[in-house]
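Going by numbering that gives the first Met the number 0, the sequence shown wraps up at 206, each residue one higher than the last.
Data block below; observations after.
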Amino acid sequence: MHVHFEQNNSTRCDCTVQCLSWMGKVPDGIPDADCWKLNRAEYYMEGWLASGNASAVVGVTFTTSHCRKYDAPTRSNFNLRGHRSEVVLVRWNEPYQKLATCDAHGIIFVWIKHEGRWSIELINDRNSKVTDFAWSHDGRMALICYWDGFVLVGSVAGQRYWSSMLNLDNASITCGVWSPDDQKDADCATLKTPHEALHSPMTIRYF
Numbered sequence: 000m001h002v003h004f005e006q007n008n009s010t011r012c013d014c015t016v017q018c019l020s021w022m023g024k025v026p027d028g029i030p031d032a033d034c035w036k037l038n039r040a041e042y043y044m045e046g047w048l049a050s051g052n053a054s055a056v057v058g059v060t061f062t063t064s065h066c067r068k069y070d071a072p073t074r075s076n077f078n079l080r081g082h083r084s085e086v087v088l089v090r091w092n093e094p095y096q097k098l099a100t101c102d103a104h105g106i107i108f109v110w111i112k113h114e115g116r117w118s119i120e121l122i123n124d125r126n127s128k129v130t131d132f133a134w135s136h137d138g139r140m141a142l143i144c145y146w147d148g149f150v151l152v153g154s155v156a157g158q159r160y161w162s163s164m165l166n167l168d169n170a171s172i173t174c175g176v177w178s179p180d181d182q183k184d185a186d187c188a189t190l191k192t193p194h195e196a197l198h199s200p201m202t203i204r205y206f
């Protein structure tokens, strides 16, 4: 995999990278359905790499597997600004070509690219630390896990489908994942105290 760099000093990042996420590139035309139908044979040859850093900036960079000849986009590097604390999670929604980012304060932005520019489409701020964020395989739903035990499932358009506050008895949700058919999600919880977490089994719940 090769990364295309622009000859521009503003594309440099002199801070710690906290997270990475990669997404395959799709044609620039409008999809026939409400989401992209990806051609797997060509899909993984080019794409976009998103990074979140300690300076509250999200970087989006064009990447390619073509070693000799390829058509680079008009602009291949973007710096997305809006967060006010370090960015700890970046997650691409490949079918809908959207990007979710989350900072240390639990503020989530959903970005969308339109006419060559990235802009914030949705904002979610529950004033609680986010431990994990996962898009469903079809891109239609998002799973958000919070440190205090709150779990939220919403649509790609921002509608809330389901939420629950889990009683975990001094434990915290650390991650979440969708089932292959996107009908269920599994959340993993561990004890909040590091010493207890090392000597206690983790708990997995399915919903």
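For glycine and all other residues, C-beta sits at the position ideal for the given N, C-alpha and C.
Can you give the Cα-Cα distance for residue i and residue j, rounded to whole angstroms?
i             : j             : result
glutamate 120 : glycine 81    : 12 Å
lysine 68     : glycine 23    : 18 Å
histidine 113 : leucine 167   : 42 Å
leucine 165   : aspartate 180 : 24 Å
Kindly indicate which residue of the options has the alpha-carbon position closest to the one of residue i.
i                 : options                           : result
alanine 133       : Leu151, Asn76 and Asn166          : Leu151
glutamine 96      : Lys68, Lys128 and Ser118          : Ser118
serine 171        : Pro179, Ser178, Asp181 and Asp147 : Asp147
arginine 159      : Leu165, Leu19, Ile122 and Asn166  : Ile122
glutamine 17      : Gly51, Gly46 and Glu45            : Gly51
arginine 116      : Asp124, Ser75 and Ala141          : Ser75
threonine 15      : Trp177, Asp70 and Val87           : Val87
phenylalanine 108 : Ala141, His136, Ser135 and Pro94  : Ala141
glycine 175       : Ser163, Ser154, Asn169 and Cys144 : Cys144
serine 178        : His136, Val155 and Ser127         : His136
Going by DSSP, which residues form a beta bridge with residue i?
i             : result
valine 86     : Asp102
histidine 136 : BP columns for histidine 136 are empty, so no partner.
aspartate 124 : Ile106
tyrosine 145  : Val129
glutamate 45  : Thr63
lysine 183    : According to DSSP, lysine 183 bridges with nothing at all.
valine 150    : Cys144 and Ser163
asparagine 78 : Gly58
Is any beta-carbon of chain B found at less than 8 Å from that of residue i?
i             : result
histidine 136 : No chain B appears in the structure shown, which is made up of a single protein chain.
Could you tell me how far apart the beta carbons of residue i and residue j are, in whole angstroms, since I believe they sit closer than 8 Å?
i          : j            : result
alanine 99 : glutamate 85 : Going by Cβ atoms, the distance from alanine 99 to glutamate 85 rounds to 16 Å, so no, they are not a contact pair.
leucine 48 : threonine 62 : 5 Å
valine 56  : cysteine 101 : Actually they are not in contact, since the Cβ atoms of valine 56 and cysteine 101 sit about 14 Å apart, beyond 8 Å.
Here's the rule: buried if 16 or more other CB atoms are within 10 angstroms of the residue's CB, otherwise exposed. What is residue i?
i             : result
leucine 19    : exposed
arginine 90   : buried
glycine 138   : buried
aspartate 131 : buried
glycine 157   : exposed
Please find out if some non-hydrogen atom of the ligand NAP comes closer than 7 Å to the beta-carbon of residue i.
i              : result
asparagine 169 : This structure simply doesn't include the ligand NAP, nor any ligand for that matter.
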